[in-house]
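In numbering that gives the first Met the number 0, the protein residues as written are 0 to 366. Just so you know, even glycine gets a beta-carbon here, dropped at the ideal spot from N, CA and C. What you are looking at is a predicted structure, and each value in this text was computed from that prediction instead of being measured.
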Amino acid sequence: MLSYLLKRILLMIPTLFGIMLVNFIIIQAAPGGPVQQILSKMQGQASDIDMRFGGGDPMGGAANAGFSDTHSSAYKGAQGIDPAFIKELEKQFGFDKPAHERFFLMIKNYLTFDFGKSYFSDQQVVSLVKEKMPVSVSLGLWTTLFVYIISIPLGIAKAVRDGTYFDVWTSAFVIVAYAVPSFLFALFLIIIFAGGSFFSIFPLRGLVSDYHDKLSWFGQIKDYFWHLALPLTAMVMAGFAKLTLLTKNSFMEEINKQYVITARAKGATKRQVLYNHIFRNAMLIVIAGFPATFITVLFTSSLLIEVLFSLDGLGLLGFEAALSRNYPVMFGTLYMFTLLGMLLHLLGDICYMLVDRRIDLSASRGA
0 MLSYLLKRIL
10 LMIPTLFGIM
20 LVNFIIIQAA
30 PGGPVQQILS
40 KMQGQASDID
50 MRFGGGDPMG
60 GAANAGFSDT
70 HSSAYKGAQG
80 IDPAFIKELE
90 KQFGFDKPAH
100 ERFFLMIKNY
110 LTFDFGKSYF
120 SDQQVVSLVK
130 EKMPVSVSLG
140 LWTTLFVYII
150 SIPLGIAKAV
160 RDGTYFDVWT
170 SAFVIVAYAV
180 PSFLFALFLI
190 IIFAGGSFFS
200 IFPLRGLVSD
210 YHDKLSWFGQ
220 IKDYFWHLAL
230 PLTAMVMAGF
240 AKLTLLTKNS
250 FMEEINKQYV
260 ITARAKGATK
270 RQVLYNHIFR
280 NAMLIVIAGF
290 PATFITVLFT
300 SSLLIEVLFS
310 LDGLGLLGFE
320 AALSRNYPVM
330 FGTLYMFTLL
340 GMLLHLLGDI
350 CYMLVDRRID
360 LSASRGA
């Protein structure tokens, strides 16, 4: 087992490097950037001033004297701007170095968890992530908890009633929940219950109300779950299907084993066989899959849900960073997400081996 863990940990290094390299290349090829963002804002502000005051030099007249549109620039809309100012911006954001030097410098800093500062808020990326992390983690944990609460009883019921009308109709519901993305559920809930075309029952923005601190402790809990109701419902609807089928299949496999037939032959009731024998064995793989379920919820569903419901978490942070080309935040969060995801996957494998000694992952993967 130690050799397997060592191999997995060592494999994380090239995997993490490859993911960062591919994303760095994609970002470099994408149009725009922080410098372009600032220049576009300057052009927009100058155009507004020009429209308000009726003509004149849109970039400030004398401030740009001597710089004509004949100066070439790699940035769209940079005509008439002092090239020295553009070079100063490039130096500020680190674009005065070639792309490969910037990449290896970034990796060198990331090895010591130095993610730098946000381009536009002058905050350390680590501080921003720590500030937003509780929202995303709370969403992920609550969703995972409710997914297990719903999926395990439903999966057991489907296994016990396999082939009945109950199994058929619940399977249809599970398939629909599995096929429809969480953000579509979220949009449907917003339209129906959050001030769309029908009712205005639940809030649409934030994790708590503005007056949250003035409420009693019970009122604060109620306010918290009132705001979480729609996001959690959307995420649970999209997340419980796979675990329900896993639970059903796990129990179905155990139901058909010899020890179940032997227990029934000895006079044990169906309930005794189910909860005293089958449950303990069938739940091993379901419980061991908790880290993988949490990864799925945290890294897929919650990102779009945070954007739709304006929840100030890592998903909204990443979305805003992508729009503003805030590269330190984009790459810093990507690095931490990737590393956390690989560690949780490793933890999931360890859980499988601990709960079922028959599983030998090192042998199955050629270790």
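Residue burial is scored here from C-beta neighbours: Asn325 has at least 16 other C-beta atoms within 10 angstroms and is therefore classed as buried. Between Val124 and Val285, the C-beta gap is not smaller than 8 Å, which leaves the two residues out of contact. In terms of Cα proximity to Asp95, the closest of Met234, Val34, Ile148 and Gln122 is Val34.
Boundaries of the alpha helix (DSSP H) around Ala185: Ser181 to Phe192. Around the Cβ of Ala281, a 10 Å sphere holds 16 or more other Cβ atoms; the residue is buried.
DSSP places Gln123 within a strand segment (E or B) once states are collapsed to three. Residue burial annotation: His226 is buried, with at least 16 other C-beta atoms found within 10 angstroms of its C-beta. Non-local C-beta neighbours of Thr169 in its own chain, meaning closer than 7 Å and more than five positions away in sequence, comprise Leu153 and Lys157, ordered along the chain. Of the candidates Pro13, Glu252 and Leu343, the residue whose Cα lies closest to the Cα of Asp161 is Glu252. Leu313 sits close to Lys131, with the two beta carbons spaced by under 8 Å.
The straight-line gap separating the alpha-carbon atoms of Ala233 and Leu345 is approximately 28 Å. When the beta-carbon positions are compared, Gly139 and Phe293 come within less than 8 Å of each other.
One alpha carbon belongs to Ser181, the other to Glu87, and they sit about 44 Å apart.
According to DSSP, Lys116 shares a beta bridge with Gln123. For His226, the enclosing alpha helix (DSSP H) stretches over residues Trp216 to Ile254. Collapsing the DSSP output to three states places Ser199 in a strand. Note on Arg7: 16 or more other CB atoms within 10 angstroms of its CB, so buried under the neighbour-count rule.
Approximately 13 Å separates the beta-carbon atoms of Val296 and Gly347; this is outside 8 Å, ruling out the contact. By the neighbour-count criterion, in which 16 or more other beta carbons inside 10 Å mark a residue as buried, Thr243 falls on the buried side. Secondary structure note for Ala98: its alpha helix (DSSP H) is the uninterrupted segment Ala98 to Leu110. Fewer than three Cβ pairs drawn from the region 253 to 262 and the region 203 to 210 lie within less than 8 Å of each other, which leaves the two stretches out of contact. Within its own chain, the residues whose Cβ lies closer than 8 Å to the Cβ of Thr332, once the five positions on either side in sequence are excluded, are Val124, Val128, Leu313, Leu316, Gly317 and Ala320, listed in chain order. Exposed is the label assigned to His99, since fewer than 16 other Cβ atoms lie within 10 Å of its Cβ. Comparing C-alpha distances from Val21 to each of Ser135, Phe102, Val173 and Val306 shows the shortest one belongs to Phe102. Ser170: member of the alpha helix (DSSP H) spanning Tyr164 to Ala178, first to last residue.
Annotated three-state conformation of Thr337 is helix, per DSSP. Check the Cα spacing between Lys116 and each of Ser135, Ser215, Val134 and Phe92: the tightest is with Phe92. For Lys269, the uninterrupted alpha helix (DSSP H) run begins and ends at Lys269 to Val272, by DSSP.
Val146 carries a helical assignment under DSSP once its states are collapsed to helix, strand and coil. Here DSSP, grouped into helix, strand and coil, assigns Asp212 to helix.
The straight-line gap separating the alpha-carbon atoms of Ile12 and Ala228 is approximately 39 Å. Nearest to Val146 by alpha-carbon distance, out of Phe308, Phe224, Lys241 and Thr337, is Lys241. With respect to the 8 Å criterion, Phe201 and Phe187 are not classified as neighbours on the basis of their beta carbons. The alpha-carbon of Ser323 is positioned some 35 Å away from that of Phe289. If you check the CB distance, Ile155 and Thr246 come in under 8 Å.
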